[in-house]
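Protein chains in written order, with this note's numbering: chain B, 770 to 1226; chain Y, 2 to 1005; chain W, 57 to 232.
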């Protein structure tokens, strides 16, 4: 046992000297669930207002027609799909950290994965709205779900959009289940400390968990199998999303590297978003003992890795465009770099390509403030990456006569900003209702109480 | 369609005369009282279209049209193939006549001027006022546009009976040419040109493909002359200061200064005379000229002039006069010079025929100025205006408005209140040409009768002017041979003539049969032409052939030209035309001033910068449009914009250039001088986004619209084949081998189609478009819009890039240079849904709204569409358009009456596109299966094909190797856009433009 | 009515003593007792209670296979049921259907796993929480034994022997 403990300490998993006992974890984490402070209420108010704007804009669009957006021919997709891909991307790091790192037994994941998973679920909830928002007749959007119409016509399973429906719904279901399952023991812990109404609430959603040997036995097995299923799912979902573009023949979309390129980008943006959220959480909820610099450094390294992959993908695209020798392909990328939307392209390259290179320096990786700033840059950059791919490619396709430009409208901006508030709304609720750090799993990295040990000392 | 027609000849006639009256009514009042079609009227089968032959009244060319009616409503206008002049073609203005028929701004009832201005009234009251007013007035003035011969007869009779004066004014009538012809040949008529049998056409700025003469007929002749399918290819040289659409179709352009036409023409003639040609009485005149003097005037090399002159003499050729856009103070002289050149080149009597006939009165500006003088001098007690709008079309300086106001009793026959009729004391709602009888004599030897296609639209209590005059005449005790309606008058007037000439023109049987047959075909022609004159006569009047004076300050010459969409502005209140990209500039809804890039640079303006155009006579502010096809010392503005009163779609759109012009005429002929003043341009600093569909006019090395040099014809095929093999190898290296097809009959069914009922012996619908024949006139665009209920979206939506046209004409510049004489190479490419075999739009649709029909169409199920727009993103040709709003909801009554009942009206959030006029395919299919046969080749003709004046579009079943389209698919010029790059295997096959100069072979 | 059994709930502060107690109980042939822990403690589960395999994996496998089969069958049948050509592609575009099949494999697999978990671990379990101690979700371990009347003293002594922080006795013993 002692060896195991020192092993854990060496790997930096064990969090903090004054977290020595199991009960310390309960104390520190569950106190977060106590009455929220003013700061929380302010943020929550802002989020609610934003959600209002979000649905007001959407309502306007449904009543008046999709024409209230700035979309046109040739640019049939714009801010909506950009934001959809952005949020789907954000959704990826959660499952990555909870599932893949779980299978790899990465010890630093325990303290962060709960928040990451919550982020995943809420990000998918946000992303899932955008396909509905962007269609011309949302009142018929249900025709995409696999059921036959009155003449027994089914959806077209050759269409990447139908793949999307399957991939995103599957991803939402699985990550939500995975997230909830992981919380059950902690909900039981919350139940056992709570009083009154909260106790009833936790009693119900904890499903009467008692922590018996039987429960833990099957639970831990089931958890492994779910992780094993979720891992290929994470990789598939963003591949499918990338195929929305790669399966088309639009110059700038029709590229074989899109799947890996998008998956890397998704993890990149997801980890960045985890950092963006974890830094304030750590501060407000005084979780310094659990979210240590070591955790942040580990995430910074993950960012650095994916950033280099993404940068490589950018360069590959340009090289292949030139190497193809096809005027439309070359024209598309020339336009991307120097055309009407050059600024978007250079924002993307700066934020995703250059800024993350600072993570090569250990001092930057270990500075929480620096990481926070860099993560914001990455979030912006990754939104623009999708904007560049979608809008600049569409605006400059095969037919020179049909080239055109697109200007996002107020409604689109309202929905874009609203989507962040919608996400924040759920995340704020989460921090108050569910243990934001995985209590039971934290205990796994604390040396268990031993009678033998006590006698020894 | 002609098959369908024969069955219902008799009924058609009745439909108009007796029974038709009551039925057309059905579609309005009756329907509103919800009385079902229990007993369908005998000449209307619900759901079956009835076609009426008639005459187009949009310009003085008098093309034959066929009007398609459904349940008593006119829904479509197409060319009448049996008409000797237009022979099946039609133009955008002709098709859009439907929108003036259903114009929501038509005058509802007669109106009389009271204290509070014009007020609604009744016909009884109005007739009383008219009769009283005319009887009381001394020397009433009748100011009209050009009328059909019989109506002309009636009006002149009426005018004589009331002791009045008759003046005709039509700004687009080439009085200068007519006067020149009178001077040169002593015949008061317009020459007949035969482009088809010429090898070389030289135009001194005459826009014969758009607004000058008989554009539809001349387009057809030009296409024949300029096309290669009859072996050789003719040449077209354009001399003028601006490339109009006509000029853009030229092979060479000599950008001569405005006003130098006479000098250049005479110089060429002189060169030929020196070479021994005979100039008759003009020899002395020509002795003062030479190729050198011409070259000097034209600002080019004498050798070029001489060479061109020699070519004129050595081959059958035609030289066309300056036309309207070039008309200036020396217009008659310039036209005379051109006629002389024709004579010297030996064209007169061959390709330029002067027939010994008396043409009906044309309307010169001079006669209007004359009328204005006499009006203001108070010599007219009353004035009646009909079919002309001088308050708008005459330069402000002419003072028409003031003179008109000064007349005591002003009557206007007007469909909609325009700038002139809104000043009248009595406004009589005139019936639309499609609601009334008329006839025309477009040229000697052709006679056509225009019959109404439907009862008057009930939204306007209108009457044909002729009927009103007959009625008024009756009340005043005139005698018109007992005719009480113009139809009687017309048939009586024709009865004698038909009796005499019926047999000769193939109209036999008793009078009633002859009359019916005449109405069925719509027109007759007789071969024995009047005698021709070919000998030049000495000029009685002394004309100056020097460049005419241009008044005013400023370093830029202002060129005002008739719009190919609005003419002189008469067609401006039609959203179809407002939203039709101008064939030259591709701009919509607003006006522009065309500026050469160099001039623009020196002024520091870009396209969209609003500039103030100032002359001594007025100023307008209008966005600039940079155009390489105009001389640096010239700026041009089109007529037809800036109406102040006409209708909701015209008012306030653009500017009216006439306010910039002085009221000057060519004294010899009385032609309005449109090139008469200098202008100054000053940037206002404002900028506006111009409403255009043009993304880029540069093909960016993509060979969307390739061309092949005439010299290369014959071995173009091998090159292509060689290239294709290379491509195949490359694709196989990549592991992908596309299913091989060149679209030949035996290629079908294609691999991958061996499922479902896709292997049944279905037709494979395909289209061939000959880019060598397409002149970019855009008639197909309007016809498509009319046939398929394609909505217009308005300027703001256009500015957002949301035009809804199913068909567009792309215009790519290859060679345009206004600074010196040289080749012109501008490619026109009609782009519509390509109905690809491997359609990229289909597999991406999540709900099968886009799918492939067994007969090879790229189907679009509107009511299954969810509106993801993925298909549009994935369409390499960008021919799919999306309903961002429910645009059709914005179309006002009664314009909605024009909707084609065979085509769905699409709602908000739905994708749409060209369907190859699937409704016509199905209609023909049903008829064929009822008659137990296959669809005949040529039985299905989409709207675009039916409207095309040059026959560039051919449609048919490519799997039937005997079909016309299957033959064209095998042609060496045939290619398919982007096909080799992305293997879409389109069903639309284009035939490369053929150029006289060398071009790159058109491969990637 | 009485089950004729007596319930003992022993709360332990130390993992090793909990494990030892479990071993001893098993050695004495006690079957139906439950151990409680605030975390998935593998030593307790494996050494103490000798739990190894879990039947949940069977559910996972079955679910996954069903998903894959359904995915392919479903897409192929709907395509053939109303064959519509799009983009010149075959009616049975298998590569496209692989995506659908894959996603359904994951979905069915995951849901089946959850069902398997719930069935095997008897969740959700809303029966009154008598044989339970709130400390077990916090810092302590626990053992609950429902001992037949005859063995009550023996069990009490055994548990006492491992110095429980607290030993609670119920007159009624339950199966949990």
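In this text, a Cβ means the ideal position worked out from N, Cα and C, and glycines have one as well. Note that this is a predicted model, so its numbers are computed, not measured.
Determine, using beta carbons only, whether residue 819(Y) and residue 632(Y) come nearer to each other than 8 angstroms.
Within the second chain, residue 819(Y) is the residue found at index 818, counting from 1. Within the second chain, residue 632(Y) is the residue found at index 631, counting from 1. Yes. Within cutoff.
Simplified DSSP assignment, three categories, for residue 688(Y):
One-based indexing of the second chain puts residue 688(Y) at position 687. Looking at residue 688(Y) - three-state DSSP - the assignment turns out to be strand.
Using a C-beta cutoff of 8 angstroms, does residue 231(W) count as contacting chain B?
Here residue 231(W) is taken as the residue at index 175 of the third chain, counted from 1. No - not a single Cβ of chain B is within 8 angstroms of the one on residue 231(W).
Cα-Cα, which of 885(Y), 483(Y), 451(Y) is closest to residue 844(B)?
In the first chain, counting from the first residue as 1, residue 844(B) sits at position 75. Residue 885(Y) is the option with its Cα nearest to residue 844(B).
May I ask you to report which of helix, strand or coil DSSP gives residue 411(Y)?
Your numbering for residue 411(Y) matches position 410 in the second chain. Note: residue 411(Y) maps to strand in three-state DSSP.
Near-chain B residues of the segment 974–988 of chain Y - C-beta to any C-beta below 9 angstroms
Of all residues in the segment 974–988 of chain Y, only 978, 979, 982, 983, 985 place a beta-carbon less than 9 angstroms from a beta-carbon of chain B.
How many Å lie between residue 586(Y) and residue 566(Y) at the Cα?
The residue labelled residue 586(Y) in the question sits at position 585 within the second chain. The residue labelled residue 566(Y) in the question sits at position 565 within the second chain. The alpha-carbon of residue 586(Y) is positioned some 12 angstroms away from that of residue 566(Y).
What whole-angstrom Cβ distance do residue 382(Y) and residue 410(Y) have, given they're in contact under 8 angstroms?
Numbered from its first residue, the second chain carries residue 382(Y) at position 381. Numbered from its first residue, the second chain carries residue 410(Y) at position 409. Confirmed, about 7 angstroms.
Output the residue ranges of the alpha helix (DSSP H) runs that lie fully inside the segment 1152–1214 of chain B and measure 4 residues or longer, sorted by chain position.
You should have 1179–1202, 1208–1213.
Return the first residue and the last residue of the beta strand (DSSP E) that residue 768(Y) is part of.
Position 767 of the second chain, counting from 1, holds the residue named residue 768(Y). Its beta strand (DSSP E) spans residues 766–771.
When Cβ atoms are compared, which residues of the segment 126–160 of chain W fall closer than 7 angstroms to chain Y?
From the segment 126–160 of chain W, only 139, 140, 141, 142, 143, 144, 145, 146, 147 have a Cβ closer than 7 angstroms to chain Y.
So, under 8 angstroms CB-CB, residue 65(Y) and residue 524(Y) are touching, yes? Tell me the CB distance rounded to an integer number of Å.
Start at 1 with the first residue of the second chain, and residue 65(Y) comes out as number 64. Start at 1 with the first residue of the second chain, and residue 524(Y) comes out as number 523. Right, their Cβ atoms sit about 5 angstroms apart.
Does the beta-carbon of residue 806(B) have 16 or more other beta-carbons within 10 angstroms, so that it is buried, or is it exposed?
Locating residue 806(B) in the first chain gives position 37, counting from the first residue. With fewer than 16 Cβ atoms within 10 Å of its Cβ, residue 806(B) is classed as exposed.
On the premise that residue 340(Y) lies in contact with residue 542(Y), defined as a C-beta separation below 8 angstroms, what is that separation, rounded to the nearest angstrom?
Within the second chain, residue 542(Y) is the residue found at index 541, counting from 1. Within the second chain, residue 340(Y) is the residue found at index 339, counting from 1. About 14 angstroms; that fails the 8 angstroms criterion.
Whose C-beta lies closer than 6 angstroms to the C-beta of residue 527(Y) among residues of the same chain, with five residues either side of it excluded?
On the second chain, residue 527(Y) is found 526 positions in, with the first residue counted as 1. Within the same chain, residue 527(Y) has close Cβ partners 446, 505, 506.
Under the three-state reduction of DSSP, which class applies to residue 113(Y): helix, strand or coil?
Counting from one through the second chain, the residue named residue 113(Y) turns up at place 112. Residue 113(Y) carries a strand assignment under DSSP once its states are collapsed to helix, strand and coil.
C-beta neighbour in chain W for residue 1170(B), strict 8 angstroms:
Counted from its first residue, the first chain places residue 1170(B) at position 401. It does not; no Cβ of chain W falls within 8 angstroms.
Taking C-alpha atoms, which residue in 533(Y), 630(Y), 228(Y) lies nearest to residue 823(Y)?
Residue 823(Y) sits at position 822 when you count from the first residue of the second chain. The residue with the shortest Cα to Cα distance from residue 823(Y) is 630(Y).
Are the C-beta atoms of residue 182(W) and some chain B residue less than 8 angstroms apart?
The residue labelled residue 182(W) in the question sits at position 126 within the third chain. At least one chain B Cβ lies under 8 angstroms of residue 182(W).
So, is the C-beta of residue 839(Y) closer than 8 angstroms to a C-beta in chain W?
For the purposes of this step, residue 839(Y) is taken as residue 838 along the second chain, with counting starting at 1. It does; some Cβ of chain W falls within 8 angstroms.
As assigned by DSSP and simplified to three states, the class of residue 62(W):
Within the third chain, numbered from 1, the residue matching residue 62(W) stands at position 6. In this structure, residue 62(W) counts as strand in the three-state DSSP scheme.
According to DSSP, is residue 1100(B) helix, strand or coil?
Here residue 1100(B) refers to the residue found at position 331 of the first chain. Residue 1100(B) falls in the helix class under three-state DSSP.
Applying a beta-carbon distance threshold of less than 8 angstroms, which residues of chain B neighbour residue 867(Y)?
Here residue 867(Y) is taken as the residue at index 866 of the second chain, counted from 1. The contacting residues are 904, 905, 906, 909, 910, 912, 913.
With distances taken from CA atoms, which of 240(Y), 790(Y), 75(Y), 984(Y) is nearest residue 576(Y)?
As a working note, residue 576(Y) is residue 575 in the second chain. The shortest C-alpha separation from residue 576(Y) is found at 790(Y).
On the three-state DSSP scale, how would you describe residue 77(Y)?
Reading the second chain from its first residue, position 76 is the one you call residue 77(Y). Of the three classes helix, strand and coil, the one that applies to residue 77(Y) here is strand, per DSSP.
Could you tell me which of 71(W), 221(W), 169(W) sits nearest to residue 993(B), measuring between CA atoms?
Here residue 993(B) refers to the residue found at position 224 when the first chain is read from its first residue. When only C-alpha atoms are compared, the closest one is 169(W).
For residue 114(W), return the contacting residues in chain B, with the cut-off set at a CB-CB distance below 7 angstroms.
What you label residue 114(W) is simply residue 58 of the third chain in a count that begins at 1. By Cβ distance, chain B contributes nothing, its closest Cβ being about 10 angstroms from residue 114(W), past 7 angstroms.
If we define contact as Cβ-Cβ less than 8 angstroms, is residue 124(W) a contact residue for chain B?
For the purposes of this step, residue 124(W) is taken as residue 68 along the third chain, with counting starting at 1. Answer no: the Cβ-Cβ gap between residue 124(W) and chain B never drops below 8 angstroms.
Which residues, in chain order, does the segment 871–894 of chain Y contribute to contact with chain B at a C-beta distance below 8 angstroms?
871, 873, 874, 875, 877, 878, 879, 881, 882, 883, 884, 885, 886, 887
Mind listing the chain C neighbours of residue 936(Y)? Cutoff is C-beta to C-beta under 9 angstroms, in chain order.
The displayed structure is made up of protein chains B, Y and W, and chain C is not among them.
Which residue marks the beginning of the alpha helix (DSSP H) containing residue 219(Y), and which one marks its end?
Reading the second chain from its first residue, position 218 is the one you call residue 219(Y). That run of the alpha helix (DSSP H) goes 216–227.
Beta-bridge pairing of residue 827(Y) - partner residues as DSSP gives them
By one-based count along the second chain, residue 827(Y) stands at place 826. Per DSSP, 814(Y).
Output the residue ranges of the alpha helix (DSSP H) runs that lie fully inside the segment 411–494 of chain Y and measure 4 residues or longer, sorted by chain position.
466–476
For the candidate residues 127(W), 96(W), 62(W), 112(W), whose alpha-carbon lies nearest to that of residue 1211(B)?
Translated into positions along the first chain, residue 1211(B) becomes position 442. Taking only the C-alpha atoms, the option nearest residue 1211(B) is 96(W).
Just by C-beta distance, which residues in the segment 327–342 of chain Y are closer than 9 angstroms to chain W?
none
By how many angstroms is the C-alpha of residue 206(Y) removed from the C-alpha of residue 140(Y)?
In the second chain, counting from the first residue as 1, residue 140(Y) sits at position 139. In the second chain, counting from the first residue as 1, residue 206(Y) sits at position 205. The straight-line gap from Cα to Cα measures roughly 40 angstroms.
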